[in-house]
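Since the structure comes first, as structure tokens, the remarks are kept for the end.
Protein chains: 2
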Amino acid sequence: MSKTSAGGTTVAKYTPDDLDRQIIAHLRADGRASLSKLSDALGVARGTVQNRLDRLLETGTLLGFTVRVREDYDVNTVHAVMMIEVVGKSTTQVIRRLRGMPEIYTLHTTNGNWDLVANIRAANLSEFDRILREVRMVDGVANSETSLLLSSV
Amino acid sequence: MSKTSAGGTTVAKYTPDDLDRQIIAHLRADGRASLSKLSDALGVARGTVQNRLDRLLETGTLLGFTVRVREDYDVNTVHAVMMIEVVGKSTTQVIRRLRGMPEIYTLHTTNGNWDLVANIRAANLSEFDRILREVRMVDGVANSETSLLLSSV
DNA sequence: AGTTCCACTGATCAAATCGCCCAATACGAT
DNA sequence: ATCGTATTGGGCGATTTGATCAGTGGAACT
Numbered sequence: 385m386s387k388t389s390a391g392g393t394t395v396a397k398y399t400p401d402d403l404d405r406q407i408i409a410h411l412r413a414d415g416r417a418s419l420s421k422l423s424d425a426l427g428v429a430r431g432t433v434q435n436r437l438d439r440l441l442e443t444g445t446l447l448g449f450t451v452r453v454r455e456d457y458d459v460n461t462v463h464a465v466m467m468i469e470v471v472g473k474s475t476t477q478v479i480r481r482l483r484g485m486p487e488i489y490t491l492h493t494t495n496g497n498w499d500l501v502a503n504i505r506a507a508n509l510s511e512f513d514r515i516l517r518e519v520r521m522v523d524g525v526a527n528s529e530t531s532l533l534l535s536s537v
Numbered sequence: 385m386s387k388t389s390a391g392g393t394t395v396a397k398y399t400p401d402d403l404d405r406q407i408i409a410h411l412r413a414d415g416r417a418s419l420s421k422l423s424d425a426l427g428v429a430r431g432t433v434q435n436r437l438d439r440l441l442e443t444g445t446l447l448g449f450t451v452r453v454r455e456d457y458d459v460n461t462v463h464a465v466m467m468i469e470v471v472g473k474s475t476t477q478v479i480r481r482l483r484g485m486p487e488i489y490t491l492h493t494t495n496g497n498w499d500l501v502a503n504i505r506a507a508n509l510s511e512f513d514r515i516l517r518e519v520r521m522v523d524g525v526a527n528s529e530t531s532l533l534l535s536s537v
């Protein structure tokens with residue numbers, strides 16, 4: 385089994401096979417395709433698709449599902465990058481909590497002074513303010529620094 | 385009515401309201417969320433979410449759904465976010481210099497402690513190191529702080 | 001005021017799908 | 001040959017979907 389160590393804990397890296405890749409390919413085209421449609425299209429049992437998909441998500445090969453939005457949609461939204469410091473060993477819990485916030489659209493671990501880097505997108509400033517409070521209230525978040533992205537240059 | 389022409393045919397552009405944006409925000413975090421879950425989360429009737437979503441797709445505000453895949457093709461590239469402080473009034477010159485570096489793929493002005501936020505993507509660590517030096521050598525760059533993005537979580 | 005129009009609600013309903021279970025089967029590795 | 005794992009086909013209840021419908025409320029217009 386191929387393994388890679390990150391952050392002290394050992395994470396098993398799953399290597400997708402051909403069926404996995406076909407499932408991913410179909411989901412890339414339609415992320416809301418039902419398991420039944422996928423199993424029909426691929427000619428395998430529904431339970432198989434279900435198991436594969438579960439595993440792909442569990443192993444982190446698939447990070448989740450999202451929606452493709454028209455480009456000019458974002459003009460009136462507030463963008464920011466937030467650096468987060470986490471106390472002790474609570475990184476995993478913090479990540480789980482932050483992942484649940486729809487306004488956080490990318491979340492990376494990092495090195496140096498901070499532990500996490502989050503990209504935030506909010507509908508307006510008051511919404512944005514609410515998100516900041518929410519993040520700072522998360523158990524395990526020790527410190528944070530937020531930079532509003534003003535204009536793309 | 386705001387209109388835009390694309391491909392020869394005239395398309396009415398739909399302007400999402402607050403509820404639409406909330407739906408989109410939730411779908412961005414979980415593109416497979418059921419209509420029931422969405423209606424629960426937003427406190428509106430299921431039929432409403434269904435109608436809104438239909439319209440968002442029909443008008444092209446939403447292009448479709450997809451899956452977020454672990455970036456394995458990027459497995460050998462180095463990603464980082466760099467916060468930059470600029471001395472005095474030299475922001476414009478600094479921006480012009482940084483814009484010339486292909487490894488900087490997004491560049492935003494910001495508020496607070498820093499003046500610029502740059503996203504950097506390099507082929508490898510030594511390449512990455514070269515970029516960092518280059519940025520710090522730019523006339524007008526007073527200080528910087530770089531966070532390597534380790535893994536997407 | 002009265003009327004029209006439209007979106008939202010809450011409710012039904014059948015059909016599809018999901019999540020979970022099971023026993024039987026196929027296949028690869030030891 | 002045997003063990004372990006994955007797949008299959010099936011069944012089950014619970015959930016979700018797509019499609020209705022009548023009722024409500026608000027905004028715009030006469």
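Here the protein sequences come in this chain order: A and B.
To get this note's numbering, take the position in the first sequence, counting from 1, and add 384.
To get this note's numbering, take the position in the second sequence, counting from 1, and add 384.
A virtual CB, placed ideally from N, CA and C, is assigned to each residue, including glycine.
query                                                                                                                                                                                      : result
So that I know if they touch, is there some Cβ in chain B lying closer than 7 Å to that of residue 433 of chain A?                                                                         : no
Please list, in chain order, the chain A residues whose beta carbon lies closer than 8 Å to that of residue 495 of chain B.                                                                : 531, 532, 534
Residue range of the alpha helix (DSSP H) that residue 475 of chain A falls in?                                                                                                            : 475-483
Can you name, in chain order, every residue of its own chain whose Cβ lies under 7 Å from the Cβ of residue 351 of chain A, other than the five neighbours on each side?                   : Nothing can be reported for residue 351 of chain A, as the shown portion of chain A is limited to 385 through 537.
What residues in the stretch 468-494 of chain B bring their beta carbon closer than 8 Å to a beta carbon of chain A?                                                                       : 479, 483, 490, 491, 492, 493, 494
In three-state terms, what does DSSP make of residue 529 of chain B?                                                                                                                       : strand
For residue 512 of chain B, go through chain A and note every residue whose CB falls closer than 7 Å to its CB, in chain order.                                                            : The contacting residues do not exist; residue 512 of chain B stays about 13 Å from chain A at best.
In the DSSP output, what is residue 492 of chain A paired with across the bridge?                                                                                                          : A:501, B:536
With distance defined between alpha-carbon atoms, name the residue in B:497, B:495, B:479, B:496 nearest to residue 489 of chain B.                                                        : B:479
Excluding the 5 residues preceding and the 5 following residue 430 of chain A in the sequence, name in chain order all residues of the same chain whose CB lies nearer than 7 Å to its CB. : 419, 420, 423
Per DSSP, which one or two residues make a beta bridge with residue 470 of chain A?                                                                                                        : A:525
Cβ of residue 525 of chain A less than 7 Å from any chain B Cβ?                                                                                                                            : no
By the criterion of Cβ-Cβ separation under 9 Å, what are the contact partners of residue 439 of chain B in chain A?                                                                        : Those within 9 Å of residue 439 of chain B in chain A number zero; the least Cβ separation is about 13 Å.
Which residues, in order along the stretch 405-433 of chain A, keep a beta-carbon less than 8 Å from a beta-carbon of chain B?                                                             : 408, 411, 412, 413, 414, 415, 416
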